[in-house]
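Undergrad: Numbered by full-length UniProt numbering, the letters in the sequence shown go through residues 1 to 188 in order. We put the beta carbon where it would ideally sit given N, CA and C, even for glycine.
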Amino acid sequence: MSRVFKTFPSRDSTKPAQLAQQPTRPTRSLLTGTFFIFAQSSPPKASLSRPTTHQQPQPPAESPIMPASLAPFVLRRPWLTKLLTPAASWYANAAGYRKLGLRYDDLLEEESEAVQIAIRRLSDKEAYDRVYRLRRSIQCSYQHKLLPKSEWTKPEEDVPYLRPLVAQVEAELAEKDALDSMNVIKSH
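(1) If you draw a straight line from the alpha carbon of ALA118 to that of LEU102, how long is it in whole angstroms?
(2) In whole angstroms, what is the alpha-carbon distance linking HIS188 and PRO164?
(3) Return the first residue and the last residue of the alpha helix (DSSP H) that THR81 is part of.
(4) Within the same chain, show all residues whose beta-carbon is closer than 8 Å to that of GLU126, passing over the 5 residues directly before and after it, in chain order.
(5) By the 10 Å Cβ neighbour count, where 16 or more other Cβ atoms means buried, how is THR81 classified, buried or exposed?
(6) What is the residue span of the alpha helix (DSSP H) that ALA167 lies within?
(7) Using 8 Å as the cut-off, can you tell me whether the region 124-138 makes contact with the region 102-111, which would need three or more C-beta pairs spanning the two stretches below that distance?
(8) With ALA88 and VAL166 assumed to form a contact (beta carbons below 8 Å), what rounded beta-carbon distance in angstroms separates them?
(9) Should THR153 go down as buried or exposed, given a rule of 16 or more other Cβ atoms within 10 Å for buried?
(10) Drop a sphere of 10 angstroms on the beta-carbon of ARG98, count the other beta-carbons inside from all chains shown, and report buried for 16 or more, exposed for fewer.
(11) CA-CA distance, ALA171 and SER141?
(12) For ARG136, does the three-state DSSP call read helix, strand or coil?
(13) Buried or exposed, going by whether 16 or more other CB atoms sit within 10 Å of the CB of LEU100?
(14) Just mark VAL159 as buried or exposed, buried being the case when its beta carbon has 16 or more other beta carbons within 10 Å.
(15) Nearest CA to the CA of GLU156: which residue from LEU75, ARG76, PRO78, ALA92?
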């Protein structure tokens with residue numbers, strides 16, 4: 001299935017060339033505190049030529065919102081890693097989810113298709129433990145209380161259990177999308 005893009009005249013007098021010259025700007029999200037880079041996307045150029053057999057299918061366009069990560073930069077410098085590790089552990093403790101007995105992967109948004117598929121792929125025990133942690137944290141939230149300190153999630157227990165599955169599912173969905181949008185041209 002090919003994608004068709006239509007452009008309509010806008011009331012804005014800004015031309016696509018002017019939009020492309022505008023720099024991207026990092027913006028801080030109010031909810032999560034992470035930085036995002038908002039890039040202006042230009043409309044696709046219309047092509048009057050017919051596709052040839054030598055053209056490769058184009059990958060799907062990425063989202064204009066891309067999270068910026070400093071993790072590779074920090075991890076390549078041992079002195080910076082040593083400097084920022086205490087601040088990172090303080091921030092994880094200050095976030096409060098460990099005081100409710102949750103793990104970081106329990107906070108992933110379940111609305112995305114990849115996360116829903118990954119949750120279905122969890123083992124029975126891991127799925128049960130996840131539901132138990134969520135229900136217990138909701139109960140604590142209703143009562144405006146925290147768990148006793150002995151029941152808090154310890155940093156060594158807060159290991160990713162869902163993110164590897166989500167990454168695997170996203171790769172599978174991207175591969176499926178690439179195969180579904182492939183154009184097959186028959187040559188005689």
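TA: Let me spell this out:
(1) 18 Å
(2) 44 Å
(3) Unbroken alpha helix (DSSP H) run through THR81: 78-94.
(4) Same-chain partners within the cutoff: TYR161.
(5) exposed
(6) 163-180
(7) yes
(8) Not quite, the Cβ-Cβ distance comes to about 21 Å (not below 8 Å), so this is no contact.
(9) By the 10 Å Cβ count, THR153 comes out buried.
(10) buried
(11) 35 Å
(12) helix
(13) buried
(14) exposed
(15) The closest CA to that of GLU156, considering only LEU75, ARG76, PRO78, ALA92, is found on ALA92.
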